[in-house]
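Reviewing the structure listed below.
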Amino acid sequence: MRNNLREAVIFAGETMASRDIQNERSDNKFILTRVGVTDVKKPVRVRRPDRATTLTVDLDVFVDLPSSMKGSHMSRNLEAIGEIVDSSVRQPVAGLEDLSLMICRKLLERHEYASYSEARASAYYFLEKETPLGTKSLERFKLVARAEARSGEQPGTKKSIGVEVVGMTTCPCAMETISGSTSGLKVEQAITHNQRNKTFVMMDVPEGMTVEADDLVHIVERSMSSPTYEILKREDEAELVRRAHSNPRFVEDVVRGVLAHILEEFKDLPDWVQVQVKSESEESIHKHNAFAERVTTLGELRG
28 MRNNLREAVI
38 FAGETMASRD
48 IQNERSDNKF
58 ILTRVGVTDV
68 KKPVRVRRPD
78 RATTLTVDLD
88 VFVDLPSSMK
98 GSHMSRNLEA
108 IGEIVDSSVR
118 QPVAGLEDLS
128 LMICRKLLER
138 HEYASYSEAR
148 ASAYYFLEKE
158 TPLGTKSLER
168 FKLVARAEAR
178 SGEQPGTKKS
188 IGVEVVGMTT
198 CPCAMETISG
208 STSGLKVEQA
218 ITHNQRNKTF
228 VMMDVPEGMT
238 VEADDLVHIV
248 ERSMSSPTYE
258 ILKREDEAEL
268 VRRAHSNPRF
278 VEDVVRGVLA
288 HILEEFKDLP
298 DWVQVQVKSE
308 SEESIHKHNA
318 FAERVTTLGE
328 LRG
């Protein structure tokens, strides 16, 4: 009897070990749009036309889940990420948007039950900039990318690249009020309150074409009252404030300025390319922030 009991225990253990709970039917028949893993950190080697660098990248990856399955095979997500990222050490990727698309395709290979995959990537990188008086400084910017892939009746892929830039805006409304009520004070000498501005821009990237993140950073900084810098000596501080106050901007002005510069810079991109621009100014005299956004296509902007 002891042998029979032992065999029963062993058999039960083997049954539990080989049971694939994810493949069991769910309690209800709801499809899930995204199931996956977030905040995966990996080193990625990226090569651009003028330089190569290693970025510490945060990755979020997802697939859809059919109603017939209880759960997704999460380990396959990490396997797909590892396979693509490891190969980037030997063969650098062209950009985070390309890395994201490669991961999306690998996800669909490994999750045979999925019809949709999505990957999001973000990392900080540095550009050499010059302060108002010409001092060179390495400044930090956030690089973001997104890609998706679909299989089945309507297969296709899509990838996007974007940046998040921190700068400065000065309030035109307060400046106008003060200059109008102060006799003999020139507009360019008028005082107003300052705001730390954070602007995000993301664009689709058609296959065979490129959108340089550096160009997007330049576009955003041109649309603000002024860029900001990590290190400023007194003379630089004074010049930066003078320039910012001679170029007051509402948060709405920043978004519209970015859109206008994108039209000038990317004339060769097709009309279907989607553009998202959002800007938020952290108010210095209010307890709330100011926000503006536009999601559109190049075709709509050109029209």
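Just so we're aligned: the sequence shown equals residues 28 to 330 in my numbering. Cβ atoms here follow ideal geometry from the backbone N, Cα and C, with glycine treated the same way.
Contact between D87 and G63 holds: their C-beta atoms lie close to 7 Å from each other, under 8 Å. Contact between the region 173–193 and the region 284–294 is absent: fewer than three C-beta pairs spanning the two stretches fall below 8 Å.
By the Cβ criterion, the region 271–290 is in contact with the region 244–255, since at least three pairs of Cβ atoms, one from each stretch, lie closer than 8 Å. Close CB contacts of T81 within its chain, under the 8 Å cut and outside five residues either way in sequence, are with P70, V71, R72, V73 (chain order). The shortest C-alpha to C-alpha distance from G98 to any of F57, R132, V304, E234 is the one to F57. In the DSSP assignment, L126 falls outside any beta strand (DSSP E) and within the unbroken alpha helix (DSSP H) covering 123–137. L328 and F318 have their C-alpha atoms spaced approximately 20 Å apart. For G235, the three-state secondary structure derived from DSSP is coil. Along the length of the region 252–299, whole alpha helix (DSSP H) runs at least 4 residues long occupy 261–272, 278–292, reported in chain order. Closest by C-alpha distance to V238, out of V300, R261, I258, Q181, is V300. Taking 8 Å as the cut-off, the Cβ atoms of K169 and Y151 count as close.
By the CB criterion at 8 Å, V232 and V192 fall outside the cutoff. Under the DSSP definition of a beta bridge, V302 partners with M230, T323. Excluding sequence positions up to five before and after M129, its CB lies within less than 6 Å of the CB of I111, all in the same chain and listed in chain order.
Under the DSSP assignment, I188 falls outside any alpha helix (DSSP H), being part of the beta strand (DSSP E) whose first and last residues are 183–197. One Cα belongs to I218, the other to C198, and the distance between them is close to 9 Å. For L86, there is no enclosing alpha helix (DSSP H); the residue is found in the beta strand (DSSP E) stretching over 78–92. If the five residues before and after L135 are omitted, its C-beta is found closer than 7 Å to the C-beta atoms of A141, S144, A176, S178, all from its own chain and listed in chain order. K156 and E248 have their C-alpha atoms some 11 Å from each other. Out of V67, F89, K260, the CA that lies nearest to the CA of K133 is found in F89. Taking the C-beta atoms as reference points, T158 is found no nearer than 8 Å to V278. In this structure, the straight-line span from the alpha carbon of K305 to that of V282 is close to 6 Å. Burial of D91 is indicated by the presence of at least 16 other C-beta atoms within 10 angstroms of its C-beta. DSSP places A174 within a strand segment (E or B) once states are collapsed to three.
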